Amino acid sequence: MSRHEDSRSLVGTSKAIVALRMYEAREGFQLMLFGTLVGGLTGLAGVLLNLTVHEMEHFRHGISGWWAVWLPAIGAILGLSLQRFVFRDSLSHGVPNVIESVTSGNGILPRGMCLSRLVSSALTVGSGGAAGLEGPIVVTGGAIGSYVARIFNMSQRRRVLLIACGTSGAIASMFNAPITGMIFSLEVILGEWKSRNLVPTITSAAVAAQVSRLLMGDKVPFPREEIVHTSADLAAFVLLGLVAAGAGWIMIKILAWSEKLFSRVPLPAPLVAGLGGLMVGLLALIVPQAQGEGYDSVRLYINGDFQGTLLAVALLIGLRLLATGCTLGSGGSGGVFAPSLFLGSAVGLIFGNLLHKIPLLTFTKPEAYALVGMASVIAGLMSAPLSGIFIILEICKSYDLILPLMLACLSATLAGRFLEEGSVYTRELISQGTFRRRGSGVQLLADVDISEVLSPCSEVEMHQTLGDFVSRYGTDQKDVYALVDKEGIYQGLIFLEDVRPYLFDQTLYPLITMASIADCRVPHLGAEATPDMAWITFGGTKRPALPVIDGHGRLVGVVRKDRLFDSTRTELSVHEES
Amino acid sequence: MSLDIQQAADFLGVEQQKIERWLRQGVIPARQQGGQLCFEQDQLASWANKINLPCRKQQKAHAHENPLIAALKRGGVHGDLVATTRDKALEAAISRLQLPPKLDRGQLLALLIEREEIVSTGTGGGVAIPHPQQSQVLPLDHSLVACFHLDQPLDYGALDGQDVFCLFMILSLEATAHLKMLSALARALKVPGFVNFLKTKPDLEALITHIEAAG
Numbered sequence: 001m002s003r004h005e006d007s008r009s010l011v012g013t014s015k016a017i018v019a020l021r022m023y024e025a026r027e028g029f030q031l032m033l034f035g036t037l038v039g040g041l042t043g044l045a046g047v048l049l050n051l052t053v054h055e056m057e058h059f060r061h062g063i064s065g066w067w068a069v070w071l072p073a074i075g076a077i078l079g080l081s082l083q084r085f086v087f088r089d090s091l092s093h094g095v096p097n098v099i100e101s102v103t104s105g106n107g108i109l110p111r112g113m114c115l116s117r118l119v120s121s122a123l124t125v126g127s128g129g130a131a132g133l134e135g136p137i138v139v140t141g142g143a144i145g146s147y148v149a150r151i152f153n154m155s156q157r158r159r160v161l162l163i164a165c166g167t168s169g170a171i172a173s174m175f176n177a178p179i180t181g182m183i184f185s186l187e188v189i190l191g192e193w194k195s196r197n198l199v200p201t202i203t204s205a206a207v208a209a210q211v212s213r214l215l216m217g218d219k220v221p222f223p224r225e226e227i228v229h230t231s232a233d234l235a236a237f238v239l240l241g242l243v244a245a246g247a248g249w250i251m252i253k254i255l256a257w258s259e260k261l262f263s264r265v266p267l268p269a270p271l272v273a274g275l276g277g278l279m280v281g282l283l284a285l286i287v288p289q290a291q292g293e294g295y296d297s298v299r300l301y302i303n304g305d306f307q308g309t310l311l312a313v314a315l316l317i318g319l320r321l322l323a324t325g326c327t328l329g330s331g332g333s334g335g336v337f338a339p340s341l342f343l344g345s346a347v348g349l350i351f352g353n354l355l356h357k358i359p360l361l362t363f364t365k366p367e368a369y370a371l372v373g374m375a376s377v378i379a380g381l382m383s384a385p386l387s388g389i390f391i392i393l394e395i396c397k398s399y400d401l402i403l404p405l406m407l408a409c410l411s412a413t414l415a416g417r418f419l420e421e422g423s424v425y426t427r428e429l430i431s432q433g434t435f436r437r438r439g440s441g442v443q444l445l446a447d448v449d450i451s452e453v454l455s456p457c458s459e460v461e462m463h464q465t466l467g468d469f470v471s472r473y474g475t476d477q478k479d480v481y482a483l484v485d486k487e488g489i490y491q492g493l494i495f496l497e498d499v500r501p502y503l504f505d506q507t508l509y510p511l512i513t514m515a516s517i518a519d520c521r522v523p524h525l526g527a528e529a530t531p532d533m534a535w536i537t538f539g540g541t542k543r544p545a546l547p548v549i550d551g552h553g554r555l556v557g558v559v560r561k562d563r564l565f566d567s568t569r570t571e572l573s574v575h576e577e578s
Numbered sequence: 001m002s003l004d005i006q007q008a009a010d011f012l013g014v015e016q017q018k019i020e021r022w023l024r025q026g027v028i029p030a031r032q033q034g035g036q037l038c039f040e041q042d043q044l045a046s047w048a049n050k051i052n053l054p055c056r057k058q059q060k061a062h063a064h065e066n067p068l069i070a071a072l073k074r075g076g077v078h079g080d081l082v083a084t085t086r087d088k089a090l091e092a093a094i095s096r097l098q099l100p101p102k103l104d105r106g107q108l109l110a111l112l113i114e115r116e117e118i119v120s121t122g123t124g125g126g127v128a129i130p131h132p133q134q135s136q137v138l139p140l141d142h143s144l145v146a147c148f149h150l151d152q153p154l155d156y157g158a159l160d161g162q163d164v165f166c167l168f169m170i171l172s173l174e175a176t177a178h179l180k181m182l183s184a185l186a187r188a189l190k191v192p193g194f195v196n197f198l199k200t201k202p203d204l205e206a207l208i209t210h211i212e213a214a215g
């Protein structure tokens, strides 16, 4: 009996099935254990960041006068210096890097990232920088997950999963929002909703949230009272989603513009951040609420305790956008989360108040719009309706507004997608061309070595006539040949399908030189090319093979469509099962 | 610009059946206009680009007209070519042609001579078929075949040693067209009597009629 037949007789037995199931169960159990470990570590990280920032906030409130102006600058300089020089983390935007590491499949993040963003954002935001902490904690969590995976020598697939655990626990701990942690990881970081991703991310989120609750208590960051809404409100909330997405889009444009502006300053990076911090400090002299995360203002808005005018709110929106632009645009370490919450709540408050001016119709309290506005801006920016819904649900305990949340986050996401391609995190990757959707054929091929799909190719000299070619290769079985010149430099590919009509007409043998038959317009691949590039390049030609040319202009081999197909088919099957 | 299904299929370079399937599956952007299904060219182009599907306008082969004849009409028949050597004949021939200004005639001459140096294109019977080896090199707008009747036969270095009295110069845009015309011409030359017919220095009309008759 051949080996193939042997294995076939094994496959059907219950013993084999049980063996595979036991393997998978062991895998699942191990994932839970590691999820717990990562959850614990990220839980501690979240607590650490929270405590540090809030201690610094207390410190900050006790300072007045000129020290207060310089504080954000000092914090930014110190933070960025530590990040770059002590922890050697000089990437500018953290979350896109985490996503890229996950989608590319390799799951490796630098070790220093476990602490770099924690320290730098604590200093930047704690000293008054107008930014959020979600980006830094997500990067910290992802880096912790990756580090744990590398300590235990895990496979790529597991490393990626642990990064997702890390980001899940990070959000869960930082905001006391376990469901959001898991959903954020799946919706934004992993981008794939496979059931096997749920086990580790749920575990990690739960453990991290519990660690946070044990150490800091089970507090609701934004306590409020329940509000009743009507059906008429629902239509208004959909409109709010659109408005909020627009506001978020404007904020991102301001940030991008600010980044471009600050990049022209001819100073080392930490000093540029310091400059931004100084500007925030000056702004805070005039308007103290322009500093920091802005959560005090948010609490006022969503509780209906705000006593001022709408104009004041609008003014604060403008000033805080300016402050956030200064903090983040100058390279300061922080995320867009807190600025988005503020923007959303302020825009929502104004929107809700304006609604009341419409005669004949009654709408619910503006506080409700403030709250839903927050969720909408988040959803629109991250192109993540679920994360938007759940984060607000969990940090504001707002199930009474679940329907408005659902509708507004959805309309915000759709509006966001219309306004801009990709989320605030993936935009960078898409414009770089490095964004690959997980599980797609292209993404899987990126990891395959080119040698797996490369075929050798005989070389035919340019000046050979058809007659020479036939006598030399007449009994060959290949269908692709490479045309080369006297020095062996690649000129083009000869496809037998082009030659066939003339193969049997002997009068043409002396008349046709192989250079006439060759296709010199076949797109090339470089020696560094990977199969996914071949996949994409095949989109531009109907030819059955592509040449791979090295730096000296010589042919390394050809990538045949049929072999690429087989390779892709195999990879898709293998990865689907995993 | 609005396209119907057939035009959309042509635009994307796929069969109409594919478009119909994608419509059924709901993955291709389309709209209803007065009960008819139609596509917006800009939308299709953007969609095709996003999913890495090339938009290619299919080169519809003009099957009804023999490419050789079409090329001959563009190249024309030129009589009384005066020259004493092969290279001078080629040079004189090139100068009689109507070519796009950006085409470097010196380069063309060099390419023709290069080809002759490998194996003579004088395949026998007094006729030669000079052509550049690789078609895509020259900035041509259309393929052309030009027939030149030499004033005096000259030693071309032909394979059978005979003096050459007639040249058919083939300049084509791409390899497939080139080979088709080359083989069509070679086939015509094999027809008994054609070479003798050429000795009568026929003009364009007569030449075309004869080639069409040869099939």
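If you're matching them up, the sequences are chains A and G in order. Numbering-wise (our numbering), the first sequence opens with residue 1 and increments by one. Numbering-wise (our numbering), the second sequence opens with residue 1 and increments by one. A virtual CB, placed ideally from N, CA and C, is assigned to each residue, including glycine. What you are looking at is a predicted structure, and each value in this text was computed from that prediction instead of being measured.
C-alpha distance - residue i paired with residue j, whole-angstrom precision
{"i": "A/Arg569", "j": "A/Ser451", "result": "17 Å"}
{"i": "G/Cys147", "j": "G/Val164", "result": "13 Å"}
{"i": "A/Arg472", "j": "G/Gly125", "result": "28 Å"}
{"i": "G/Pro101", "j": "G/Asp141", "result": "11 Å"}
{"i": "A/Asn176", "j": "A/Gly40", "result": "14 Å"}
{"i": "A/Leu444", "j": "A/Glu571", "result": "7 Å"}
{"i": "A/Leu49", "j": "A/Phe342", "result": "20 Å"}
{"i": "G/Gln25", "j": "G/Lys18", "result": "10 Å"}
{"i": "A/Arg560", "j": "A/Pro544", "result": "6 Å"}
{"i": "G/Asn52", "j": "A/Met533", "result": "12 Å"}
Where residue i sits in the DSSP three-state scheme
{"i": "G/Gln32", "result": "strand"}
{"i": "A/Arg560", "result": "strand"}
{"i": "A/Pro178", "result": "helix"}
{"i": "G/Ser2", "result": "strand"}
{"i": "A/Gly344", "result": "helix"}
{"i": "A/Leu51", "result": "helix"}
{"i": "A/Gly105", "result": "coil"}
{"i": "A/Leu310", "result": "helix"}
{"i": "A/Ala269", "result": "helix"}
{"i": "G/Gln133", "result": "coil"}
{"i": "A/Thr541", "result": "coil"}
{"i": "G/Pro153", "result": "strand"}
Contact with chain A by residue i, beta-carbon distance below 9 Å
{"i": "G/Leu90", "result": "no"}
{"i": "G/His131", "result": "yes"}
{"i": "G/Gln16", "result": "no"}
{"i": "G/Arg86", "result": "no"}
{"i": "G/Met169", "result": "no"}
{"i": "G/Gln107", "result": "no"}
Nearest-angstrom Cβ-Cβ length linking residue i and residue j, presumed shorter than 8 Å
{"i": "G/Ile129", "j": "G/Thr121", "result": "5 Å"}
{"i": "A/Val372", "j": "A/Ala130", "result": "23 Å between Cβ atoms; not a contact."}
{"i": "A/Ile254", "j": "A/Leu321", "result": "6 Å"}
{"i": "A/Leu454", "j": "A/Val522", "result": "Not confirmed; about 15 Å, so no contact."}
{"i": "A/Val98", "j": "A/Leu109", "result": "7 Å"}
{"i": "A/Glu192", "j": "A/Gly126", "result": "Contact doesn't hold; Cβ gap of about 35 Å is too wide."}
{"i": "G/Cys38", "j": "G/Leu90", "result": "At roughly 54 Å, the Cβ-Cβ gap does not stay under 8 Å, so G/Cys38 and G/Leu90 are not in contact."}
6 Å Cβ shell around residue i - same chain, five flanking residues per side excluded
{"i": "A/Thr180", "result": "Ile171, Phe390, Ile391 and Glu394"}
{"i": "A/Gln464", "result": "Met514"}
{"i": "A/Gly79", "result": "Ser120, Leu123, Thr124 and Ser333"}
{"i": "A/Pro385", "result": "Ala379, Cys409, Leu410 and Thr413"}
Own chain, CB closer than 7 Å to residue i, minus 5 neighbours either side, in chain order
{"i": "A/Arg563", "result": "Val453 and Ser455"}
{"i": "A/Val424", "result": "Ile252, Val336, Leu381 and Met382"}
Closer than 9 Å to chain G by CB, residue i
{"i": "A/His524", "result": "no"}
{"i": "A/Gly52", "result": "At residue 52 of chain A the sequence reads Thr, which differs from the Gly that was named. For A/Thr52, the answer is no, since every Cβ of chain G falls outside 9 Å of its Cβ."}
{"i": "A/Ile163", "result": "no"}
{"i": "A/Cys520", "result": "yes"}
{"i": "A/Ala206", "result": "no"}
{"i": "A/Met462", "result": "yes"}
Where residue i meets chain D, residues with beta-carbon distance less than 8 Å
{"i": "G/Val27", "result": "Absence of chain D from the displayed structure is noted, the protein chains being A and G."}
Cβ-based neighbour list, residue i, same chain, cut-off 8 Å, excluding 5 preceding and 5 following
{"i": "A/Ser258", "result": "Gly325, Cys326, Leu328, Gly329 and Ser330"}
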